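Asker: Following my numbering, the numbering of the sequence shown begins with 85 at its first residue and continues without gaps.
Note that the Cβ used here is the ideal one computed from N, Cα and C, for glycine as well.
Source: prediction; values computed, not measured.
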Amino acid sequence: MKNWRYWYTRCAMLSGYESVGHCLTVAPSINLAESLVRSRTVLQILHRWMAKLVVALAERRPANDESTEDLLKLSEARYQAVVENQTALICRLLPSGTLTFVNEAYCRYFGRSYDEMLSSSFIATVPEEDQADILAWLATCGVDQPLITHEHRAIRADGMVRWMQWTNQAILDENNVLVELQLVGCDITEQRHAEKALQDSEERYRRIVQTAQEGIWLIDLDYRTTFTNARITEMLGYPTEVMLGKSLLEFMDKAWHAVIVANLERCRTGIAGQSDCRLKRKDGGKIWALCSTNPIMDGDGRYTGTLLMMIDITARKRMEESLRRLSTQDPLTGLINRRHFFKRAHQEFERSRRYGRPLALLMLDIDHFKHINDTYGHPTGDEVLRIVSRIMRDKLRRVDLLARYGGEEFVMLLPETTLLTAMNIAGRLCAALAAEPIPTEHGVVSLTASIGVAALTDYADQTFIQLLSWADQAMYRAKQAGRNQVQSRVTAD
Numbered sequence: 085m086k087n088w089r090y091w092y093t094r095c096a097m098l099s100g101y102e103s104v105g106h107c108l109t110v111a112p113s114i115n116l117a118e119s120l121v122r123s124r125t126v127l128q129i130l131h132r133w134m135a136k137l138v139v140a141l142a143e144r145r146p147a148n149d150e151s152t153e154d155l156l157k158l159s160e161a162r163y164q165a166v167v168e169n170q171t172a173l174i175c176r177l178l179p180s181g182t183l184t185f186v187n188e189a190y191c192r193y194f195g196r197s198y199d200e201m202l203s204s205s206f207i208a209t210v211p212e213e214d215q216a217d218i219l220a221w222l223a224t225c226g227v228d229q230p231l232i233t234h235e236h237r238a239i240r241a242d243g244m245v246r247w248m249q250w251t252n253q254a255i256l257d258e259n260n261v262l263v264e265l266q267l268v269g270c271d272i273t274e275q276r277h278a279e280k281a282l283q284d285s286e287e288r289y290r291r292i293v294q295t296a297q298e299g300i301w302l303i304d305l306d307y308r309t310t311f312t313n314a315r316i317t318e319m320l321g322y323p324t325e326v327m328l329g330k331s332l333l334e335f336m337d338k339a340w341h342a343v344i345v346a347n348l349e350r351c352r353t354g355i356a357g358q359s360d361c362r363l364k365r366k367d368g369g370k371i372w373a374l375c376s377t378n379p380i381m382d383g384d385g386r387y388t389g390t391l392l393m394m395i396d397i398t399a400r401k402r403m404e405e406s407l408r409r410l411s412t413q414d415p416l417t418g419l420i421n422r423r424h425f426f427k428r429a430h431q432e433f434e435r436s437r438r439y440g441r442p443l444a445l446l447m448l449d450i451d452h453f454k455h456i457n458d459t460y461g462h463p464t465g466d467e468v469l470r471i472v473s474r475i476m477r478d479k480l481r482r483v484d485l486l487a488r489y490g491g492e493e494f495v496m497l498l499p500e501t502t503l504l505t506a507m508n509i510a511g512r513l514c515a516a517l518a519a520e521p522i523p524t525e526h527g528v529v530s531l532t533a534s535i536g537v538a539a540l541t542d543y544a545d546q547t548f549i550q551l552l553s554w555a556d557q558a559m560y561r562a563k564q565a566g567r568n569q570v571q572s573r574v575t576a577d
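1) Taking C-alpha atoms, which residue in Pro323, Gly461, Arg438 lies nearest to Gly527?
2) Need the endpoints of the alpha helix (DSSP H) that Gly465 sits in, please.
3) Is the beta carbon of Gly181 sitting closer than 8 Å to the one on Ile207?
4) Tell me the DSSP secondary structure of Glu500 in three-state form.
5) Would you give the residue range spanned by the alpha helix (DSSP H) that Lys364 belongs to?
6) Within the same chain, show all residues whose beta-carbon is closer than 7 Å to that of Ser197, passing over the 5 residues directly before and after it, in chain order.
7) Across the region 272-284 and the region 238-248, are there enough close Cβ pairs to call them in contact, namely three or more that are closer than 8 Å?
8) Report yes if the CB atom of Ile471 is closer than 8 Å to the CB atom of Glu520, and no otherwise.
9) Which of helix, strand or coil does DSSP assign to Gln253?
10) Going by DSSP in three states, Thr412 sits in which element: helix, strand or coil?
11) Let me check understanding here. Comparing Cα to Cα, which of Asp337, Tyr560, Pro499 lies closest to Leu320?
12) Pick out the complete beta strand (DSSP E) segments inside the region 316-382, 3 residues or longer, and give them in chain order.
13) For Ala223, name the three-state secondary structure that DSSP assigns.
14) Short of 7 Å in beta carbon distance, which residues of its chain neighbour Thr607, apart from the five on each side in sequence? Order them along the chain.
15) Compute the distance between the beta-carbons of Ala254 and Leu267, then report whether it is under 8 Å.
16) Just to confirm the assignment, what range does the alpha helix (DSSP H) spanning Arg290 have?
17) In the structure shown, what three-state DSSP assignment does Glu269 receive?
18) Hey, would you say Ile522 sits closer than 8 Å to Glu467, going by beta carbons?
19) Taking the alpha-carbon positions, what's the Val495 to Thr505 distance?
20) In whole angstroms, what separates the C-alpha of Thr312 from that of Thr324?
21) To the nearest angstrom, report how far apart Leu445 and Leu552 are at their CA atoms.
22) Mind checking whether the beta-carbon of Asp484 lies closer than 7 Å to any heavy atom of the ligand MN?
23) In terms of DSSP beta bridges, what is Pro523 paired with?
24) If you run the structure through DSSP and keep just helix, strand and coil, what is Met394?
25) For Leu531 and Ile509, I'd like the C-alpha separation in whole angstroms.
26) Among residues of its own chain, excluding the 5 on either side of Tyr307, which ones have a beta-carbon nearer than 7 Å to its beta-carbon?
27) For Met85 and Glu213, I'd like the C-alpha separation in whole angstroms.
28) Measuring only the C-alpha atoms, how far is Arg315 from Ile292?
29) Quick check: Gln571 and Ala562, are their CB atoms within less than 8 Å of each other?
30) For Met248, which three-state DSSP category applies?
31) Take the Cβ of Tyr193 as the centre, count every other Cβ of all protein chains shown within 10 Å, and call the residue buried at 16 or more, exposed below.
32) Per DSSP, Phe494 forms a beta bridge with which residues?
33) To the nearest angstrom, how far is the alpha carbon of Ala373 from that of Arg482?
34) Gln413 and Asn421 look like a contact to me (Cβ under 8 Å); what is the Cβ gap, rounded to whole Å?
35) From what residue to what residue does the beta strand (DSSP E) around Arg176 run?
36) My guess is that Glu45 and Asp542 are in contact by the Cβ rule of under 8 Å, so how many angstroms apart are they, rounded?
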C-alpha cells in the first residue's frame with residue numbers, strides 16, 4: 085500500500101523540493117504575492133512550484149488502491165488549504181478557456197463571486213485587443229510544453245487595467261491528452277511600472293550621454309576601453325566598435341602618457357584629476373583635449389575603472405598659441421619682438437655676468453630704408469624686412485637671440501661669443517645682405533646694413549642697458565663712417 089510518504093515523494097520530484105510535506109505545512113502562512121514581486125526570477129520559480137504542487141495534490145490516483153477514496157479526500161483537503169489561503173491567484177480551466185475553479189484570492193482580485201467566475205471564460209478579464217494573444221498562449225501548453233509563463237493585461241471589476249504574470253501548468257490524462265490547465269498568477273503592475281521607469285531613465289541617460297558635447301570614455305582597470313559616446317567618435321574619427329577593448333594610451337600622443345597614467349593611478353585611490361593631453365585621430369592628425377579622470381567605484385567602494393570626460397580644446401590651444409605669438413613675435417618678420425627680447429636678454433646677461441662668460445650684442449640698421457619705402461612702396465619695404473630677417477636667421481645659431489627692435493633696426497644677443505668672434509659674424513652679415521638681390525616690380529633692389537657691436541668684459545658693475553646703448557652708439561658710428569660696415573665698442577671703454 086502506497087502511503088502519504090509515497091505521494092509526498094512524487095510531489096517532491098515534481099516541485100524540486102526535498103519535502104513537499106514541509107511546503108504544505110508552511111504554505112498557508114506564506115504571502116506569496118509579497119515575495120513574488122521582489123524578483124522576476126523568484127516569481128517564476130515560485131509560480132512553477134505552486135503550479136506543480138497544486139496539480140500534484142489534485143491528481144487522481146489508481147482505482148485499485150485500497151485507500152484511494154481516503155487519500156483523495158485528504159489530498160483535496162490539503163489542496164484546498166494550499167489554494168484558498170494564498171494571496172496568489174489560482175485557477176483551473178478547460179483547454180477552451182472555460183474556468184472550472186478559482187480560489188478566493190482570484191475572486192477578490194477581479195471583484196466577482198465564485199459563482200460568477202465559474203464557467204466563465206478566462207479571457208473575459210482580458211482586454212479585447214489582447215484576447216487572441218492569450219488564446220494562442222494557452223494553446224501552446226501541452227505535452228511538449230507542460231509548464232509556461234506569460235504576462236498580459238487584465239481588467240478588474242472596477243475597470244482598472246493591471247498587469248498579471250501567470251504560470252500555466254498542463255494537466256494531462258494517462259494518454260498525455262490535455263484535459264485541464266492550472267494557472268498561478270500574481271499582479272506585477274508595480275514591477276512593470278518600475279521596469280518602465282527604469283527603461284525610461286536608462287533611455288534618458290543614453291540620450292544625454294550620446295548627445296553630450298563632452299566626449300565620454302570609460303576604461304577598465306587595465307585602461308582598456310569599455311565605452312565611448314558619439315562625441316569621442318566625432319573627435320577621433322574611430323567608431324566605438326573599433327575602440328572597444330583597446331588601451332586608452334593607443335589613442336594618445338606618447339608625450340602625454342606619463343601625465344595621464346599618473347592621473348589614472350590616482351583614481352585607484354579615489355582621487356579625480358584633470359589635465360590637458362593630445363589625442364591621435366584616425367586620419368593621423370592630433371587634437372588637444374582637456375581630460376578629466378573620475379574614479380568609478382562599485383557598491384563596496386572598490387575601484388572598477390575610470391570615467392574620462394574629454395573636451396576638445398584644439399581651437400582654444402590655437403588661440404592661445406596665436407596670442408602667445410602676438411605677445412612674443414613680430415607679426416611681419418616672425419622674429420621675437422622687442423618686449424620678449426628684453427625679457428630673455430636680461431636673463432642671458434645675468435647668467436653671463438654670474439659665471440663670467442663672454443657675451444656680445446649686435447645692433448643692425450638697414451641703410452637707406454626710407455628711400456626704398458618711398459621709391460618702391462611699403463609692400464616692397466616689408467619684403468625687404470622679411471628677406472633681411474631670413475638672412476640673419478640663416479647666419480646665426482639657434483642659441484642666439486634675434487629680434488626686430490623697431491622699424492628697420494634689428495638686435496642680436498650672442499651668448500658665449502667674444503668681441504672678435506662677434507665682429508666676424510657682423511662682417512659676414514654685412515656681406516650676405518649686400519650680395520642679396522631683392523626683386524621688385526621696378527627692378528632689382530640692392531641693400532646694405534650698418535652694424536654696431538658691443539661685448540661684455542667687465543662683469544662687476546655693467547648692466548644690459550649699458551651694453552645695448554654701446555652697441556647702438558657703435559652702429560651710428562658705422563653709419564657716420566659711410567654705412568655698409570661694422571663698428572664696435574666694449575664695455576670696458
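Answerer: In brief:
1) Counting from 1 along the sequence shown, the entry for residue 527 is found at position 443. Closest option to Gly527, Cα to Cα, is Gly461.
2) The residue labelled residue 465 in the question sits at position 381 within the sequence shown. Gly465 -> alpha helix (DSSP H) spans 462-479.
3) Here residue 181 refers to the residue found at position 97 when the sequence shown is read from its first residue. Here residue 207 refers to the residue found at position 123 when the sequence shown is read from its first residue. For the pair Gly181 and Ile207, the CB atoms are nearer than the 8 Å cut-off.
4) Numbered from its first residue, the sequence shown carries residue 500 at position 416. Three-state result, Glu500: coil.
5) The residue you call residue 364 lines up with position 280 of the sequence shown. Here Lys364 belongs to no alpha helix (DSSP H); instead the beta strand (DSSP E) covers 357-364.
6) By 1-based counting over the sequence shown, the position of residue 197 is 113. Excluding sequence neighbours, Ser197 sits near Cys191.
7) Contact holds: three or more Cβ-Cβ distances are below 8 Å.
8) Residue mapping note: residue 471 aligns to position 387 of the sequence shown, counting from 1. Residue mapping note: residue 520 aligns to position 436 of the sequence shown, counting from 1. Taking 8 Å as the Cβ cut-off, Ile471 and Glu520 qualify as a contacting pair.
9) Here residue 253 refers to the residue found at position 169 when the sequence shown is read from its first residue. In this structure, Gln253 counts as strand in the three-state DSSP scheme.
10) If you number the sequence shown from 1, residue 412 lands on position 328. Here Thr412 sits in helix by DSSP.
11) Sequence index remark: in the sequence shown, residue 320 carries index 236 (1-based). Cα-wise, what sits closest to Leu320 is Asp337.
12) You should have 357-364, 370-381.
13) In the sequence shown, residue 223 corresponds to position 139, counting from 1. In the structure shown, the three-state DSSP call for Ala223 is helix.
14) Outside the displayed span of the chain (85 to 577) sits residue 607, for which this structure offers no information.
15) Looking up residue 254 in the sequence shown gives position 170. Looking up residue 267 in the sequence shown gives position 183. Taking 8 Å as the cut-off, the beta carbon of Ala254 is found no closer than this to the beta carbon of Leu267.
16) If you number the sequence shown from 1, residue 290 lands on position 206. 273-295 is the extent of the alpha helix (DSSP H) around Arg290.
17) As a first step, residue 269 must be located in the sequence shown, where it is residue number 185. Note that residue 269 is Gly in the sequence shown here, rather than Glu. Note: Gly269 maps to strand in three-state DSSP.
18) Position 438 of the sequence shown, counting from 1, holds the residue named residue 522. Position 383 of the sequence shown, counting from 1, holds the residue named residue 467. Yes, they are a contact pair.
19) Walking along the sequence shown from the start, residue 495 turns up at place 411. Walking along the sequence shown from the start, residue 505 turns up at place 421. C-alpha separation (whole angstroms): 16 Å.
20) Working through the sequence shown from its first residue, we reach residue 312 at position 228. Working through the sequence shown from its first residue, we reach residue 324 at position 240. Between Thr312 and Thr324, the C-alpha separation is close to 6 Å.
21) Sequence index remark: in the sequence shown, residue 445 carries index 361 (1-based). Sequence index remark: in the sequence shown, residue 552 carries index 468 (1-based). Those two C-alpha atoms are separated by around 7 Å.
22) For the ligand MN, the structure offers nothing, since it holds no ligand at all.
23) Residue mapping note: residue 523 aligns to position 439 of the sequence shown, counting from 1. According to DSSP, which records beta bridges pairwise, Pro523 is partnered with Val528.
24) One-based indexing of the sequence shown puts residue 394 at position 310. In this structure, DSSP gives Met394 an extended state, which the three-state scheme calls strand.
25) Walking along the sequence shown from the start, residue 531 turns up at place 447. Walking along the sequence shown from the start, residue 509 turns up at place 425. Straight-line measurement puts the Cα of Ile509 at about 18 Å from the Cα of Leu531.
26) Translated into positions along the sequence shown, residue 307 becomes position 223. Cβ neighbours of Tyr307 within its own chain (closer than 7 Å, five residues either side excluded): Ser331, Leu332, Leu333, Leu348.
27) Reading the sequence shown from its first residue, position 1 is the one you call residue 85. Reading the sequence shown from its first residue, position 129 is the one you call residue 213. Annotation note: pLDDT 38 at Met85 (below 50); position unreliable, no value reported.
28) Counting from one through the sequence shown, the residue named residue 315 turns up at place 231. Counting from one through the sequence shown, the residue named residue 292 turns up at place 208. Cα-Cα distance, rounded: 11 Å.
29) Along the sequence shown, one-based indexing puts residue 571 at 487. Along the sequence shown, one-based indexing puts residue 562 at 478. One thing to note: Gln571 has its Cβ within 8 Å of the Cβ of Ala562.
30) Looking up residue 248 in the sequence shown gives position 164. In the structure shown, Met248 sits in a strand (DSSP, three-state: E or B).
31) One-based indexing of the sequence shown puts residue 193 at position 109. Per the 10 Å Cβ criterion, buried.
32) By 1-based counting over the sequence shown, the position of residue 494 is 410. DSSP links Phe494 through a beta bridge to Leu448, Arg488.
33) Here residue 373 is taken as the residue at index 289 of the sequence shown, counted from 1. Here residue 482 is taken as the residue at index 398 of the sequence shown, counted from 1. Using only the alpha carbons, I get a separation of about 31 Å.
34) Looking up residue 413 in the sequence shown gives position 329. Looking up residue 421 in the sequence shown gives position 337. Cβ atoms of Gln413 and Asn421 come within 8 Å of each other, at about 6 Å.
35) The count along the sequence shown starts at 1 and reaches residue 176 at position 92. Per DSSP, Arg176 belongs to the beta strand (DSSP E) from 173-177.
36) Residue 45 is absent from the model: the chain starts at 85 and stops at 577.
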